[in-house]
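Report on the structure given below.
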Amino acid sequence: MSTLHVLSHSPFGDDRLSSCLRVIGTADALLLCGDAVYALQSGTAPFTALQSRQLQLFVLTEDAQARAQQIPDWAEAIDYPAFVELSIHHDKVNSWL
1 MSTLHVLSHS PFGDDRLSSC LRVIGTADAL LLCGDAVYAL QSGTAPFTAL QSRQLQLFVL
61 TEDAQARAQQ IPDWAEAIDY PAFVELSIHH DKVNSWL
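The C-terminal position of the sequence shown is numbered 97 in the UniProt record's numbering, with every residue numbered one higher than the one before it.
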């Protein structure tokens with residue numbers, strides 16, 4: 001069974017991202033949306049943690065653009081219809097509220 005993990009909170013305000021990275025499985029995927037896209041700031045601990053993890057990482061393009069964050073080539077930029085498709089593709093969706 002695979003899980004889509006959805007993070008929307010800044011990685012600089014709490015430890016949701018690090019908690020997620022501890023439990024995410026090899027068949028799982030991670031979607032960054034909202035303020036979670038700040039994890040893509042190059043040179044930061046969250047960026048390094050994501051880059052080193054070889055996981056399926058998706059980023060909502062609209063949220064990255066709204067926050068002036070570049071999406072690295074090792075992450076996939078998606079729109080809202082693709083988010084829906086990801087939700088259907090995975091057995092479970094876990095929103096880290």
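Note that beta-carbon positions come from the ideal geometry of N, C-alpha and C, so glycine has one too. Note that the structure is predicted; figures quoted are calculated from it, not measured.
Check, Outcome
"Assess contact between the region 37 to 48 and the region 2 to 20, defined as three or more Cβ pairs (one per stretch) separated by less than 8 Å. Is contact present?", "yes"
"Which of the three DSSP states, helix, strand or coil, is assigned to Phe47?", "helix"
"Leaving aside the five residues before and after Cys33 along the sequence, list all residues of the same chain whose C-beta is less than 6 Å from its C-beta, in chain order.", "Ser8, Leu60, Asp63"
"Taking its Cβ as the centre, do 16 or more other Cβ atoms sit within 10 Å of His89, making it buried, or is it exposed?", "exposed"
"What are the boundary residues of the alpha helix (DSSP H) that includes Ser87?", "80 to 89"
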